[in-house]
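Protein chains in written order, with our numbering: chain A, 4 to 262; chain S, 3 to 106.
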C-alpha cells in the first residue's frame, strides 16, 4: 500500500493481511493507491530481541544507511536506494515512529522538518501553532471554527518548495486522536503558544524565534551534519516566515486573530 | 567547569552551527544540541575568538571600547561567559595561542 505524507509517497510492503488492514485504518486519508511510490519500506512482523522496550528511539548513520531502533522496532533506511526495512512487533506505534523518522531524514536535506505543532488552513493559508507539551497545540485544534481545515494537532509537516514554505496534513495525531486532512497550503505564520488571561499576538525577534523553533523541531539523528541541517533550516524558515508569540485564553475567540 | 582567565586564548569550536540574526548570534552545539543566544556583547567576544587574541585583549578592544563597560566588570563577565560556552564545547580555551587549523 502507498502512504503519501507531505507529497512523498512511500510504498509500505507487508505480507500480513491483518497488519495491512490496521495500516489502512490508521492512515486512511493518506493511503493513495493511485500514487506512484517514490520510496519503499518493507515491514516484517518480527519483534526485535534484546532491546529495552521503554528505550528512546536511536538513529544513526552507518555506511551510508540510516539505522534506527527502539524497544518495539529495528529499521534501516537507504536514502540513495530510496528504500528500507522494518522489523517490528504488530503494533501501529512502531511503524508510525519509523515513518516520522524517515520523513525527517528525507526533509532535512531540502530544508524541511517536522515540528511539534498543530496546524490548520484558513482562507488558503496555513498557520502553525507550536509549543512544548501542554502549551495548547491540541486546544487550538479543538477550538478551530468550521471554516478551518485541520492539518494535525501534533506534528506539522513543513516543506520548502521552490523557496517557499508549505504545511502538509499528517496522520500523526496527538490528544485529538484524529488524523489531519491530506492537503497543503503556503505557510502564512508560525505562532509560538503561551496560555494567558487574554488573547494577544506579539512580534518576536529572529534569534529568539530560531531558539524556540529549534526546541520544537523533531529530529532524531544527533550527528553533526543532520544537526547542522536542522539549524540552517530553522534559520532559513525564520527569515522567510513571520513568527509571533500567541498568548491565548482557551476559548474560540482566539481564532478571531488568525487568518 | 572549564576555567578561563584574562590570559586565556579562546577559539570557536568546529562542533557548532551558528548564525547572526540582527544584533544577536545563535549557536548550536552539534555535540549535545545545546542552543545559546548571544547578545551584542557576547557576539563581539564570539566574533573575536580567533585563538590568537587573549581574552583580556578582546575585552579591552571589543567590549570596553564599544559598550562602555568598566574593564574589571567586563572581564569578570567575559570569563564567566567563556567558561559556560567552553563547558558545552562551543569555545576552546587554551593558555597558549591556538593555531587556526586546530579549531577550524
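Glycine included, C-beta positions come from ideal geometry on N, C-alpha and C.
Under the three-state reduction of DSSP, residue 236 of chain A is assigned to helix. For residue 115 of chain A, the secondary structure class from DSSP, reduced to helix, strand or coil, is coil.
In the structure shown, the three-state DSSP call for residue 68 of chain A is strand.
Neighbourhood of residue 91 of chain S in chain A, by CB distance below 7 Å: empty, with the nearest CB roughly 12 Å away.
Identification of residues in the segment 43-65 of chain S having a C-beta nearer than 9 Å to some C-beta of chain A yields an empty set.
The C-alpha of residue 52 of chain S is placed about 42 Å away from the C-alpha of residue 130 of chain A. No Cβ of chain A is located within less than 9 Å of the beta carbon of residue 5 of chain S. For chain S, the residues of the segment 214-230 of chain A that bring a beta carbon within less than 7 Å of one of its beta carbons are 214, 217, 225, 227 and 230, in chain order. Distance between residue 134 of chain A and residue 190 of chain A, taken at the CA atoms: about 17 Å. As summarised for the segment 153-209 of chain A, the continuous beta strand (DSSP E) elements at least 3 residues long and confined to that stretch are 158-164, 167-171, 187-198 and 203-206, given in chain order. At a Cβ-Cβ threshold of 9 Å, residue 16 of chain A and residue 60 of chain A do not count as neighbours.
Cβ proximity to chain S below 8 Å picks out 208, 209, 210, 211, 213 and 214 from the segment 196-215 of chain A.
Sorting A:99, A:75 and A:46 by C-alpha distance to the C-alpha of residue 86 of chain A places A:46 at the top. Nearest neighbour of residue 110 of chain A by Cα position, chosen from A:9, A:226 and A:227, turns out to be A:9. Chain S has a Cβ within less than 9 Å of the Cβ of residue 241 of chain A. Of the other Cβ atoms in all chains shown, fewer than 16 fall within 10 Å of the Cβ of residue 126 of chain A; this residue is therefore exposed.
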